[in-house]
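In my numbering, the protein residues as written are 1142 to 1300. Even for Gly, the Cβ is constructed at its ideal location relative to N, Cα and C.
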């Protein structure tokens, strides 16, 4: 039993370090998602484009968009005009155990702050702390969200 104690203590230390690293990656992705969303609020298409992976896949009502050029061409219309047509913010972020990918999801609001949908995104860590979006997809609202929609402005607080 005495020979197992150091091994158990070492395992516990590594598990804690892994959890701390996971939280770091999740904070990084949340912050990046908020910068991504802020590009819409600030009407900054270049900032939006800078967070796209080289070969992103975005799903929209008009079919999938493959590649950076296709995504930017379709999303350009959302960046025209003085007021953003919608906003979004993360309410959940989960990273995979090796830190290569992360998933973010959250509510999408119209300009009046009414809940209109959800997004689901996959991010890839391309360099330490540098995340870019690989896949984005709109997802239906849950019954619970329809009954009691979340209020806007919570997902990026404190960043």
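- Put simply, the backbone Cα of residue 1295 is about 11 Å away from that of residue 1175.
- Remark: three or more beta-carbon pairs, one from each stretch, lie closer than 8 Å, so the segment 1194–1204 and the segment 1271–1291 are flagged as touching.
- Assignment of alpha helix (DSSP H) within the segment 1209–1280, counting only whole runs of 4 or more residues, yields 1209–1216 in chain order.
- Between the alpha carbons of residue 1204 and residue 1214 lies a distance of about 14 Å.
- Residue environment: residue 1230 is assigned as buried (16 or more neighbouring CB atoms within 10 Å of its CB, all protein chains considered).
- For the 8 Å CB-CB criterion, residue 1258 and residue 1282 form a contact.
- Residue 1244 and residue 1228 have their C-alpha atoms some 18 Å from each other.
- By the Cβ-count criterion, residue 1235 is exposed, with fewer than 16 other Cβ atoms from all chains shown falling within 10 Å of its own Cβ.
- Residue nearest to residue 1279 within the set 1206, 1189, 1159 is 1206 (criterion: CA-CA distance).
- Assignment of residue 1292 by DSSP, reduced to helix, strand and coil, places it in the coil class.
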